[in-house]
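Enquirer:
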Amino acid sequence: MTYLAKLGELTLKKSNIKDFEKRLVQNTRLYLESVNAKVSLIAGRLYIECDEASAPAVEFTLNHLIGITGWAKATVCEKNIEAISRAAYDCAVIAKANGAKSFKIETRRPDKSFPMNSYEVNCEAAGQIDDEKLLAVDVHNPDAVINVEIRERCFVYCNQNTGCRGLPVGSSGNGLLLLSGGLDSPVAGYRMMRRGMNIDCVYFHSYPYTSEEAQKKVETLAEKIALYGIGTHLHIIPFTEVQMKIKEKAPQPWTTLMLRVCMMKAVNQLVKKIKADCVITGESLGQVASQTVENMRVTEDACDLPLLRPLVGMDKEEIVDTANFIDTYETSILPYEDCCVLFSPRHPVLRGTVEESHEIFASLGVDDLITKAVETREVKKFHVRNLVAQKYGTKPLEDFIR
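1427 is the number that the working numbering gives to position 93 of the sequence shown; each next residue is one higher, with no gaps.
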């Protein structure tokens, strides 16, 4: 079996395109370590060859692999018009069985030594399909597009699947994502993965005020986004003592905003240990009281690294659409509250100032508690090769669970 995938925006790179291509191939091989598959990249196309038993793992990989715009299962045939026509006819039979009534053929001919041009291939390959009235020709709005690519080999395919697009994960540095149990933060992590970033996650847990179910929910979200990002480490920081000190000493309207400041202070310590280049949050402008421009400035002031907010201009409907796409929506809406929600004031400050935040934070006396929380964190590891091996592996599982 042969699968063909089209590369995304990395094809726009110039002198360093080989680095991006190498990263994409490495990532693909990480997904497929536990199955029998061969991965190669030639002239702007990613190829995966596998046996039938490995096909589910390959299709899972292509549905989660960031860096490709689309993929299809392809028929490899001889480079002559008779073989191409037979393969195109077979594709048309499958398309008709799936409900298609019309078709067109699109040919790409990177191999200019082939004796026919693209238009001639289109006409010849469509001949038998049209003659037998299997499908009607419609070059403007067909139900099925049969693709022919004449390269070092000849590939014929239909029913192209949409890819995740973006840049290969690992090509744009390392980020630390503040992962809560809500809708927004997993989507923020996914969007930064699509920009080529490796993501680790941090979750602030306030047991017993937040339940063990709430932590399990976040662990599930970390596992789901790890499927797109090759893998992730989830740092679980016990924040109960810090949060109780905030509740005791901070002015009530400031409790949520001061919690975010303390989180950033903890993050400042954590990023040094894991060598992250930036911090990522799921904030969206104006969505809640802590996400006004003024309050965002207070949060950003407490962060030592660049603070990225990939959802800042998105509305809730756009975020929900992405959450459904990456399969985090149903987990995110489970009714287990995080620490931010449980201690929210009735009338939160809407336009905090950096100067006032400095004064309030200094009055809390939580520096040692924050350091203690970071030092006693729990770390859980999720790697896509293990997750694929558990579900689809055709090689011994113990080789990959490590």
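The beta-carbon is built from N, C-alpha and C at its ideal position, and this holds for glycine as well.
Starting from PHE1437 and walking both ways along the beta strand (DSSP E), at which residues does that stretch end?
Expert: Along the sequence shown, one-based indexing puts residue 1437 at 103. Counting along the chain, the beta strand (DSSP E) containing PHE1437 begins and ends at 1436-1442.
Enquirer: Could you round the C-beta distance between ALA1289 and SER1368 to whole angstroms and report it? I think they count as a contact, below 8 Å.
Expert: Examination of residue 1289 is not possible in this model, given that the chain is present from 1335 through 1736 alone.
Enquirer: Assuming TYR1663 and PHE1394 make a contact with CB atoms under 8 Å, what is their CB distance in whole Å?
Expert: Stepping through the sequence shown from its first residue, residue 1663 is reached at position 329. Stepping through the sequence shown from its first residue, residue 1394 is reached at position 60. In this structure TYR1663 does not touch PHE1394 by the C-beta definition: roughly 19 Å separates them, more than the 8 Å allowed.
Enquirer: With a Cβ-Cβ cutoff of 8 Å, do LEU1739 and LYS1714 count as a contact?
Expert: For the chain, the structure presents residues 1335 to 1736; residue 1739 sits outside this window and is missing.
Enquirer: Let me know the secondary structure DSSP gives ALA1459 once reduced to three states.
Expert: For the purposes of this step, residue 1459 is identified with residue 125 of the sequence shown, where counting begins at 1. Judged by DSSP in its simplified three-state form, ALA1459 adopts helix.
Enquirer: Do you know how far the Cα of GLU1386 is from the Cα of THR1496?
Expert: By 1-based counting over the sequence shown, the position of residue 1496 is 162. By 1-based counting over the sequence shown, the position of residue 1386 is 52. Using only the alpha carbons, I get a separation of about 22 Å.
Enquirer: Where LEU1684 and SER1374 are concerned, what is the direct C-alpha to C-alpha distance, given to the nearest angstrom?
Expert: Within the sequence shown, the letter at position 350 stands for residue 1684. Within the sequence shown, the letter at position 40 stands for residue 1374. If you take the alpha carbons of LEU1684 and SER1374, they lie about 53 Å apart.
Enquirer: For ILE1614, count the other beta carbons within 10 Å of its own beta carbon; 16 or more makes it buried, fewer makes it exposed. Which is it?
Expert: Taking the sequence shown and counting its residues from 1, one reaches residue 1614 at position 280. It counts as buried.
Enquirer: Determine whether the beta carbon atoms of GLY1616 and ASP1518 lie at a separation below 8 Å.
Expert: The sequence position of residue 1616 within the sequence shown is 282, counting from 1. The sequence position of residue 1518 within the sequence shown is 184, counting from 1. The answer is yes: Cβ separation under 8 Å.
Enquirer: Whole angstroms is fine: what's the gap from LEU1721's alpha carbon to LEU1561's?
Expert: Reading the sequence shown from its first residue, position 387 is the one you call residue 1721. Reading the sequence shown from its first residue, position 227 is the one you call residue 1561. Just so you know, the alpha carbons of LEU1721 and LEU1561 end up roughly 8 Å apart.
Enquirer: Do you know how far the Cα of VAL1473 is from the Cα of ALA1408?
Expert: Within the sequence shown, numbered from 1, the residue matching residue 1408 stands at position 74. Within the sequence shown, numbered from 1, the residue matching residue 1473 stands at position 139. Cα to Cα, the separation comes out at about 22 Å.
Enquirer: Let me confirm a value: SER1447 is counted as buried when at least 16 other C-beta atoms fall within 10 Å, else exposed. Which label applies?
Expert: Counting from one through the sequence shown, the residue named residue 1447 turns up at place 113. So SER1447 counts as exposed.
Enquirer: Below 6 Å CB to CB, which residues in the same chain sit around GLU1383 once its five sequence neighbours on both sides are set aside?
Expert: Taking the first residue of the sequence shown as position 1, residue 1383 is located at position 49. If we look at GLU1383 and ignore the five residues flanking it on each side, its Cβ neighbours are THR1336 and LYS1372.
Enquirer: So, under 8 Å CB-CB, ASN1481 and CYS1492 are touching, yes? Tell me the CB distance rounded to an integer number of Å.
Expert: Indexing the sequence shown from 1 puts residue 1481 at position 147. Indexing the sequence shown from 1 puts residue 1492 at position 158. Contact between ASN1481 and CYS1492 holds: CB atoms are separated by about 7 Å, below the 8 Å threshold.
Enquirer: Hey, could you find the ends of the alpha helix (DSSP H) ALA1406 is sitting in?
Expert: Looking up residue 1406 in the sequence shown gives position 72. No alpha helix (DSSP H) contains ALA1406, which is instead part of the beta strand (DSSP E) from 1402-1411.
Enquirer: Once you ignore the five residues that flank ARG1736 on each side, which residues in its own chain have a CB closer than 6 Å to its CB?
Expert: To locate residue 1736, count along the sequence shown from 1; it is residue 402. Note that ARG1736 scores a pLDDT of 41, beneath 50, so its modelled location is shaky and nothing firm can be said.
Enquirer: Starting from VAL1373, trace the beta strand (DSSP E) in both directions and tell me its first and last residue.
Expert: For the purposes of this step, residue 1373 is identified with residue 39 of the sequence shown, where counting begins at 1. Element bounds for VAL1373: 1371-1376.
Enquirer: Using a threshold of 8 Å, state whether the C-beta atoms of GLY1530 and GLY1509 are closer than that.
Expert: On the sequence shown, position 196 is the one that residue 1530 refers to. On the sequence shown, position 175 is the one that residue 1509 refers to. Using a Cβ distance threshold of 8 Å, GLY1530 and GLY1509 do not count as a contacting pair.
Enquirer: Is LEU1366 buried or exposed, if buried means 16 or more other CB atoms sit within 10 Å of its CB?
Expert: Within the sequence shown, numbered from 1, the residue matching residue 1366 stands at position 32. Burial call: buried.
Enquirer: In this structure, what does DSSP give as the bridge partners for VAL1683?
Expert: Along the sequence shown, read from residue 1 onward, the residue named residue 1683 stands at position 349. Its beta-bridge partners do not exist; DSSP assigns none.
Enquirer: May I have the straight-line CA-CA distance separating VAL1708 from LYS1352, to the nearest angstrom?
Expert: Along the sequence shown, read from residue 1 onward, the residue named residue 1708 stands at position 374. Along the sequence shown, read from residue 1 onward, the residue named residue 1352 stands at position 18. VAL1708 and LYS1352: Cα-Cα distance of roughly 39 Å.
Enquirer: List the endpoints of the continuous alpha helix (DSSP H) containing VAL1521.
Expert: Here residue 1521 is taken as the residue at index 187 of the sequence shown, counted from 1. Residues 1518-1527.
Enquirer: Once DSSP output is grouped into helix, strand and coil, what is the label at PRO1390?
Expert: By 1-based counting over the sequence shown, the position of residue 1390 is 56. Judged by DSSP in its simplified three-state form, PRO1390 adopts helix.
Enquirer: Just tell me which of LEU1338, LEU1399, LEU1642 and TYR1543 has its CA closest to the CA of ARG1528.
Expert: Start at 1 with the first residue of the sequence shown, and residue 1528 comes out as number 194. Of LEU1338, LEU1399, LEU1642 and TYR1543, the residue nearest in Cα terms is LEU1399.
Enquirer: I'd like the span of the alpha helix (DSSP H) that includes THR1705, first residue to last.
Expert: Counting from 1 along the sequence shown, the entry for residue 1705 is found at position 371. Where THR1705 is concerned, the enclosing alpha helix (DSSP H) stretches over 1701-1709.
Enquirer: Using only CA atoms, which one of PHE1573, ILE1376 and VAL1595 lies nearest to GLU1693?
Expert: Within the sequence shown, numbered from 1, the residue matching residue 1693 stands at position 359. Selected option, being the one with the closest Cα: VAL1595.
Enquirer: From SER1697 to GLY1342, what does the alpha carbon distance come to, in whole angstroms?
Expert: For this step, residue 1697 is matched to residue 363 along the sequence shown. For this step, residue 1342 is matched to residue 8 along the sequence shown. When rounded, the distance between both Cα atoms is 51 Å.
Enquirer: Could you spell out where the beta strand (DSSP E) holding ALA1339 opens and where it closes?
Expert: For the purposes of this step, residue 1339 is taken as the residue at position 5 of the sequence shown. Looking at the DSSP string, the run of the beta strand (DSSP E) that includes ALA1339 is 1336-1341.
Enquirer: Which class does ARG1736 belong to by DSSP, given the choice of helix, strand or coil?
Expert: Counting from 1 along the sequence shown, the entry for residue 1736 is found at position 402. With a pLDDT of 41 at ARG1736, under the threshold of 50, the modelled position of this residue cannot be trusted, and the question is left open.
Enquirer: THR1574 and PRO1679 - do their beta-carbons sit closer together than 8 Å?
Expert: Residue 1679 sits at position 345 when you count from the first residue of the sequence shown. Residue 1574 sits at position 240 when you count from the first residue of the sequence shown. Contact: no.
Enquirer: Under 6 Å Cβ to Cβ from ASN1629, same chain only, skipping five residues before and after it: list those, please.
Expert: Position 295 of the sequence shown holds residue 1629. Excluding positions up to five away in sequence, the list reads LEU1591 and GLY1686.
Enquirer: Give the range of the alpha helix (DSSP H) segment to which PHE1538 is assigned.
Expert: Here residue 1538 is taken as the residue at index 204 of the sequence shown, counted from 1. Not the alpha helix (DSSP H): PHE1538 falls in the beta strand (DSSP E), residues 1532-1539.
Enquirer: Which residues in the same chain as HIS1681 place their Cβ atom closer than 7 Å to its Cβ, once the five residues preceding and following it in sequence are excluded?
Expert: Looking up residue 1681 in the sequence shown gives position 347. Correct list, in chain order: PRO1587.
Enquirer: Please classify LEU1510: does DSSP put it in a helix, a strand, or coil?
Expert: Residue numbering aside, residue 1510 sits at position 176 when the sequence shown is read from its first letter. Strand at LEU1510.
Enquirer: Identify which residue in PHE1354, GLN1625, GLY1507 and TYR1670 has its Cα closest to the Cα of TYR1543.
Expert: Residue numbering aside, residue 1543 sits at position 209 when the sequence shown is read from its first letter. The option with the nearest alpha carbon to TYR1543 is TYR1670.
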